[in-house]
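Here's the structure, in structure tokens; my notes come after.
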Amino acid sequence: MWVEKTEPGTGRVNKRVKIGFIISLSALVLLMFSCRREDRDFRATQASQVANVVPDSQLHPGGPLPNGGQVNPGELTAATNLQNPFQGNAYAISEGQRLFTWYNCSGCHANGGGGIGPALNDSTWLYGGQPANIFESISKGRPNGMPAWGPKIPEYQIWQLVTFVQSLSGAEPRTATPGRPDSMANGTLQPKGAGNPR
Amino acid sequence: MKTSFRFSAKAGYIVLLTIIFLTQLSCKGIQSALDPAGPESGRINNLWWLLFGVCAVVFILVITFLFYALAHARRYKDGAPIGIDAQKKMTRNISICVAITVIILFVFLVASLTIGKSIYTNSSPDVLTIEVVGHQWWWEVHYPTDEASKRVVTANEIHIPVGQPVRLRLSSGDVIHSFWVPNLQGKMDLIPMHLNSEWIKADHPGVFRGQCAEFCGHQHAHMSLLVIAEPQDQFNAWMDQQRQSTNTPSDPVLQRGQHVFLSSTCILCHTIRGTLANGTNAPDLTHLASRQTIAAGTLPNNRGYLSGWVVDSQSIKPGNKMPPNHLNPDDLQALLTYLESLK
Amino acid sequence: MSTELIEPTATDPAFEREQRDRRELEKTWASEPGILSWLTPTTHHIIGKRYIITAFVFMLLGGIEALMVRIQLWRPENHFLGPDLYNQTFTMHGTTMMFLFAVPVMEGMAIYFVPMMIGTRNVAFPRLNAFAYYLYVIGGIFLYVGFFTNTGADAGWFSYVPLSGPAFSPGKRVDFWAQMITFTEFSGLISAVELVATIFKLRAPGMSLNRIPLFVWAMLVQSFMVIFAMPAVMIASTFLLMDRTVGTHFFNPAEGGDPLMWQHIFWFFGHPEVYIIFIPALGMVSTVVSAFTKRPVFGYTAMVLSLIATAFIGFGLWVHHMFATGLPQLGASFFTAASMMIAIPSGVQIFCWLATLWSGRITMKTPLLYICGFIFIFVIGGLTGVMIASVPFDLQAHDTFFIVAHFHYVLIGGAVFPLIGAIYYWYPKFTGRMYDEYLGKWSFWIIFIGFNITFFPMHILGLKGMPRRVYTYPAYMGWTWLNQLVTIGAVIIAVGGIIFLVNVFISAKSGAIAGPDPWAAPTLEWSISSPPPKYNFVYIPTVRSESALWTRTNDEPVITGVRTDRREVLATRILDAEPDHRYPIAGASIWPLITSLTVAFGFIGSVFFPSWIFWGAGLTVFAFVGWFWPKRTHNEQPEAAR
């Protein structure tokens, strides 16, 4: 069945082998070209330090700073890399979305629409809308109430938040951004089946 | 002809012995469904042996007949057509076999429904309720009570008194998980926005291991828990201890450790009652040192493993939600000493 | 008896006419020349073979994925595959085997053999047949392009929400999976419609409903199941895709949706799916048993009714996949009863086959060996199925390796063993040569023993508490040596599979030449040459019983009025297959390929840019215009047969 009734000398088998070879080669090429969008690099966290910066804001999430807020001048560092390493990465956007909820960014920024804090899903950026600017806003804090997160959370998490915030205003590719979060309802819903077991 | 029948009978006998031998291997063990420690799992265990016994016999009969048929199939020579009598006999035999099948299935059905009802009901009025909320990839455990000061919140470890029916109220904070402690009961799914329930009861003291049984993402394999059944007085002592919150430590190392905890990333997700740390995204650490395992049953709870977990949980449970924490060595040691003091 | 056996005399007018008709048929049914012979064929042999070969390629890929999983599980805390790649691998394994191998290979066997077995020249809608194949292969390639670019589906082959929803499965992985479903299930639906029309309307005169070969009955029943089941999964996967890309809330509990609804809709398809895979295999078992016991299968009516009963009851079982979700007990009990009840028709079939074996003259060749393997393995799988039909026991066994063992026993034992047996049986018909019997028997025993070493210990692992889909396990659980045994068994199966493939390849070149009927088998495909001509029969045969060739007389009438200068088939009435009219069918055409490309454009594009579905639809309209553009010959009225 692999060799149809071949007339002698048509070389049909050879043609099939050639095509199979081309297909396998393309598959291998694709293997090397892995999609950045889909990377899930759990180990990229390895190099990330908590950013040791001079905060712009005196507000700090979760209370006191390490070392009582003292920063040794010799240890001042800016973000180690002002390029967003997670640009276009779907996993980072998803993690950023999770951290946005976990760290209660929604408390001031709602789901991007703003409230106490400014809206994040429009094109108005008080302190700049480039990834580096947003990084510094989160890391160092800003006047008028934005806390400094840098001393408290690792750099890679700040970049994940940056990527998510960018996705709110459509600056990230649509293919990497989820269509919707899993919970948008206001208030709480009663879980189903509340009551005694049968 | 006779020898091949004897051969097929012997083969069936060997198969039966092999099956019995293999199943004997599975009887005992932590997290084994065939090592029941409570009435629910005990009844399921009995049902299993009924099902297995009958099915094994059926299987042996079918295969024996297959061998017999293969050995005796040359009785009709040269394509002589089957006579009407032989045909009627075969029809009758098949009908008898089908009737036996129906009866067996009916027996199974009744057994299954009866036992099913019994594992879902409880007539005792004395019930302890425990709420479990599943997260990626840990178990949040509450012992609800009306008095706020008597609430117990812990993670990945459940204590129950021996002999007491316990009602588990199960839900999920993200995806579908499944609560399964085979020694005690069948499994029940934890579904977001659904509240499921099941009964467990331990007949004797012991430590029973459970594991999430619904694929829930990267670390589904490392989402286990312990159910510890202990005598009533030990259970009461445990509850009293869990109800207490922490005091400000007087020892300078512990103070330093607490300071490290409160000024690092930890405070954003974890709770230690009695301090400013009130994060609800991650396990409650108020009595961390009283638990036997950390990381949802993945690691034993001792200083070495705890240190590795705090510093780089991603190399132990890649993809889990806790970031690595690069602390300087003195801070780390102080933190560990502090965490070890949270009994 | 075919006309080929008549001793020709130089001036025999019947022989002269037959030769002339044969030459004309060769011309009418020939492929287009050159590259078009690859892009335009619509004869069912070529499409059927393509299905089968493509399905086996996917089976190899799925097998490699299985071996990767087993290597990772060789020992505790292994680092062969990390959790992310492991999740992709086991998902791809399940998805490939269920969607890209099991159903298409059965469709392929049916498309190849059903027209021959019912005595017609081609399927009812040849271009639609080709279109279905192209959709299937495009969908499969699409999924694998995803896998090779780190975009492999990773939420399990049944992809439960909320894990597979937008919040917990970032990126395009699950979108690729969902759209592949659309391709392959659409393809399956088309093939099913094709087979129903062919089996109902194109049978040879005399082949009334009670004379249809059991394999054809199985395909008819399976096709009806497909028609009712596939739309459910297409709807589910479309809902999921919409939730993920355009912000609907079908499965979002916070906004009124329900994650359980996914499970209901999916399993409403998912349970019939396994019977869709299994029922054709039952037909193959009947075929092989009948041929190798030299007697028709005992209890034809009971066999047909069992197939139909299995199909009906199979739609009423789906909740048994959801016993652990907290559904009300009373409702679950119905599904326990139905899940146990479905053992009865399967039991009837097994008893009838045993009776056939007992009362026949057995030739123990490789195909029959595989059928014996089927009985052994499938009975175990069916019995464990009855066990897990009971809710309390299922609450312990669900989502553990006990279930993995159960479904591999019923799927491999119940579908793959009969499939391999049928491939050996029909090998001479496919290739014109006999396979090597020695290699065949060796491949059977190695696969059979390897299978049991692989999957029997999984029952024990499940009862000892090992859940499914875990990428590793702790050393202190005591599961290690059983896992190692399982991995060794998997390697043994691979060795047996390689022997099977070697046998297939080598025998194609150097096997003994097989004539039209090496087995002296009863069904119509054995009355034509091996491999068969593209038009199958020079003259449409007539039949007088279910075992057509065994009851054929010397002067069996044939139909001679079907035209040979264009592609035509004889349509007959549904119940009694009386000739009704002649029906011209399409020849070779490029339009199925073009239409499949426009549809693929819409489906694949919409994964990335949702609006592209509309552009694809527009292009498809143009493709349909080309497809249905009337040809001159179709204007003629079909002439009523006399």
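Protein chains in written order, with this note's numbering: chain A, 1 to 198; chain B, 199 to 541; chain C, 542 to 1183.
Just so it is clear, CB atoms sit at the ideal spot from N, CA and C, and this is done for glycine as well.
Bear in mind the structure is a predicted one, so any value in this text is a computation, not a measurement.
1) By how many angstroms is the C-alpha of A:Pro178 removed from the C-alpha of B:Ala532?
2) Indicate whether C:Phe942 and C:Leu1002 have their beta-carbon atoms separated by less than 7 Å.
3) Distance, Cα to Cα, C:Ala1158 vs C:Leu846?
4) If I measure Cβ to Cβ from C:Gly811 and keep anything under 8 Å in the same chain, skipping five residues before and after, which residues do I get?
5) Could you tell me the boundaries of the beta strand (DSSP E) in which B:Arg407 lies?
6) Please return the same chain residues whose Cβ sits closer than 8 Å to the Cβ of C:Leu1116, not counting the five positions on each side in sequence.
7) Taking Cβ positions only, does B:Ile302 come closer than 7 Å to chain A?
8) Once DSSP output is grouped into helix, strand and coil, what is the label at B:Tyr341?
9) Please list, in chain order, all residues of the same chain as C:Thr779 whose beta carbon is under 6 Å from its beta carbon, the five residues on each side excluded.
10) Can C:Thr632 and C:Gly697 be called in contact, C-beta distance under 7 Å?
11) So, helix, strand or coil for A:Ile153, using DSSP?
12) From this set, C:Arg785, C:Trp758 and C:Ile990, which residue's C-alpha is nearest A:Thr175's C-alpha?
13) Which residue from C:Tyr677, C:Ser1068, C:Ala843 and C:Tyr1076 puts its Cα closest to that of C:His585?
14) Taking C:Gly589 and C:Tyr653 to be in contact with their CB atoms under 8 Å, please state how far apart those CB atoms are, rounded to whole angstroms.
15) First and last residue of the alpha helix (DSSP H) that includes C:Leu736?
16) Could you work out which residue in B:Pro527, B:Val252 and B:Arg241 is closest to C:Thr925 when comparing CA atoms only?
17) If you draw a straight line from the alpha carbon of B:Trp337 to that of B:Leu423, how long is it in whole angstroms?
18) Going by DSSP in three states, A:Gly74 sits in which element: helix, strand or coil?
19) Mind the definition here: the stretch 730 to 748 of chain C touches the stretch 1098 to 1114 of chain C only if three or more C-beta pairs lie below 8 Å; say whether that holds.
20) Since B:Leu540 and B:Thr444 should fall inside the 8 Å C-beta cutoff, what is the C-beta to C-beta distance between them, to a whole number of angstroms?
21) May I ask you to list the residues that DSSP assigns as paired with C:Tyr1124?
22) Beta-carbon within less than 6 Å of A:Pro131's beta-carbon, same chain only, minus the 5 sequence neighbours each way: which residues are those?
23) Going by beta-carbon coordinates alone, are C:Gly922 and C:Gly954 separated by less than 7 Å?
24) Going by the CB atoms, is the gap between B:Ser505 and B:Leu556 shorter than 7 Å?
25) With a Cβ-Cβ cutoff of 7 Å, do C:Ile903 and C:Thr834 count as a contact?
26) Please report whether the beta-carbon of B:Leu466 lies at a distance below 7 Å from any beta-carbon of chain A.
27) Among the residues of its own chain, which have a CB less than 7 Å from the CB of A:Ser94, if the five just before and after it don't count?
28) The ligand NAD and C:Pro1015: does the residue's C-beta get closer than 6 Å to at least one heavy atom of that ligand?
29) With a 10 Å radius around its C-beta and 16 neighbouring C-beta atoms as the bar for buried, classify B:Met386 as buried or exposed.
30) Distance, Cα to Cα, C:Leu781 vs C:Ile817?
31) For chain A, is any of its Cβ atoms less than 7 Å away from the one on B:Asn354?
32) If you draw a straight line from the C-alpha of C:Cys893 to the C-alpha of C:Tyr841, how long is it?
33) By Cβ distance, which residues of its chain are closer than 8 Å to C:Ser1137, with the 5 residues on each side in sequence left out?
34) Within the 7 Å Cβ cut-off, does A:Gly63 reach chain B?
35) Let me know if B:Thr312 comes out buried or exposed under the rule of 16 or more other beta-carbons within 10 Å of its beta-carbon.
36) Roughly how far, in whole angstroms, is the beta-carbon of A:Pro147 from the beta-carbon of A:Leu59, given that I think they are within contact range, below 8 Å?
Considering the structure as presented:
1) Numbered from 1 along the second sequence, position 334 holds the residue referred to as residue 532 of chain B. Numbered from 1 along the first sequence, position 178 holds the residue referred to as residue 178 of chain A. Between B:Ala532 and A:Pro178, the C-alpha separation is close to 42 Å.
2) Locating residue 942 of chain C in the third sequence gives position 401, counting from the first residue. Locating residue 1002 of chain C in the third sequence gives position 461, counting from the first residue. Going by C-beta atoms, C:Phe942 is nearer than 7 Å to C:Leu1002.
3) The sequence position of residue 1158 of chain C within the third sequence is 617, counting from 1. The sequence position of residue 846 of chain C within the third sequence is 305, counting from 1. Taking the straight line joining both Cα atoms gives about 42 Å.
4) Locating residue 811 of chain C in the third sequence gives position 270, where the first residue counts as 1. Excluding sequence neighbours, C:Gly811 sits near Phe699, Val774, Trp859 and His862.
5) As a first step, residue 407 of chain B must be located in the second sequence, where it is residue number 209. Gly404 to Gln409 is the extent of the beta strand (DSSP E) around B:Arg407.
6) By one-based count along the third sequence, residue 1116 of chain C stands at place 575. Cβ within range, chain order: Ser749 and Leu750.
7) On the second sequence, position 104 is the one that residue 302 of chain B refers to. By this cut-off, B:Ile302 is not an interface position.
8) Position 143 of the second sequence holds residue 341 of chain B. If DSSP states are grouped into helix, strand and coil, B:Tyr341 belongs with the strands.
9) The residue given as residue 779 of chain C occupies position 238 in the third sequence. Excluding positions up to five away in sequence, the list is empty.
10) Along the third sequence, read from residue 1 onward, the residue named residue 632 of chain C stands at position 91. Along the third sequence, read from residue 1 onward, the residue named residue 697 of chain C stands at position 156. Going by C-beta atoms, C:Thr632 is nearer than 7 Å to C:Gly697.
11) As a first step, residue 153 of chain A must be located in the first sequence, where it is residue number 153. Residue state, collapsed to three classes: coil.
12) Within the first sequence, residue 175 of chain A is the residue found at index 175, counting from 1. Nearest option by C-alpha distance: C:Arg785.
13) The residue given as residue 585 of chain C occupies position 44 in the third sequence. It is C:Tyr1076.
14) In the third sequence, residue 589 of chain C corresponds to position 48, counting from 1. In the third sequence, residue 653 of chain C corresponds to position 112, counting from 1. Going by Cβ atoms, the distance from C:Gly589 to C:Tyr653 rounds to 3 Å, so yes, they are a contact pair.
15) As a position in the third sequence, residue 736 of chain C is number 195, starting the count at 1. Its alpha helix (DSSP H) spans residues Arg714 to Lys742.
16) For the purposes of this step, residue 925 of chain C is taken as residue 384 along the third sequence, with counting starting at 1. Closest option to C:Thr925, Cα to Cα, is B:Val252.
17) Within the second sequence, numbered from 1, the residue matching residue 337 of chain B stands at position 139. Within the second sequence, numbered from 1, the residue matching residue 423 of chain B stands at position 225. Computed Cα separation, rounded: 7 Å.
18) Counted from its first residue, the first sequence places residue 74 of chain A at position 74. Per-residue confidence for A:Gly74 stands at a pLDDT of 48, beneath the threshold of 50, marking its modelled position as unreliable; the derived number appears in the next sentence. Correct three-state label for A:Gly74: helix.
19) yes
20) Here residue 540 of chain B refers to the residue found at position 342 when the second sequence is read from its first residue. Here residue 444 of chain B refers to the residue found at position 246 when the second sequence is read from its first residue. With a Cβ gap of about 7 Å, B:Leu540 and B:Thr444 count as contacting.
21) The residue given as residue 1124 of chain C occupies position 583 in the third sequence. Its beta-bridge partners are C:Val1110.
22) For the purposes of this step, residue 131 of chain A is taken as the residue at position 131 of the first sequence. These residues qualify, in order along the chain: Asn84 and Val162.
23) Position 381 of the third sequence, counting from 1, holds the residue named residue 922 of chain C. Position 413 of the third sequence, counting from 1, holds the residue named residue 954 of chain C. Contact flag set, yes.
24) Within the shown structure, residues of chain B are numbered from 199 to 541, placing residue 556 of chain B beyond reach of any answer.
25) Here residue 903 of chain C refers to the residue found at position 362 of the third sequence. Here residue 834 of chain C refers to the residue found at position 293 of the third sequence. Yes; because the gap between Cβ atoms is below 7 Å, this pair is in contact.
26) For the purposes of this step, residue 466 of chain B is identified with residue 268 of the second sequence, where counting begins at 1. Taking Cβ atoms only, chain A reaches closer than 7 Å to B:Leu466, which makes this a yes.
27) Residue mapping note: residue 94 of chain A aligns to position 94 of the first sequence, counting from 1. Here the set comprises Pro178.
28) Looking at this structure, you won't find the ligand NAD or any other ligand, since it has none at all.
29) Taking the second sequence and counting its residues from 1, one reaches residue 386 of chain B at position 188. That one is buried.
30) Translated into the one-based positions of the third sequence, residue 781 of chain C becomes position 240. Translated into the one-based positions of the third sequence, residue 817 of chain C becomes position 276. The straight-line gap from Cα to Cα measures roughly 23 Å.
31) Here the question's residue 354 of chain B lines up with position 156 in the second sequence. So no, B:Asn354 is outside the interface.
32) Position 352 of the third sequence, counted from the start, is the residue given in the question as residue 893 of chain C. Position 300 of the third sequence, counted from the start, is the residue given in the question as residue 841 of chain C. For C:Cys893 and C:Tyr841, the distance between alpha carbons rounds to 9 Å.
33) Against the third sequence, residue 1137 of chain C aligns to sequence position 596. Within the same chain, C:Ser1137 has close Cβ partners Phe672, Tyr675, Leu676 and Ile679.
34) Numbered from 1 along the first sequence, position 63 holds the residue referred to as residue 63 of chain A. Cβ-Cβ to chain B under 7 Å: yes for A:Gly63.
35) On the second sequence, position 114 is the one that residue 312 of chain B refers to. It counts as exposed.
36) In the first sequence, residue 147 of chain A corresponds to position 147, counting from 1. In the first sequence, residue 59 of chain A corresponds to position 59, counting from 1. Confirmed, about 4 Å.
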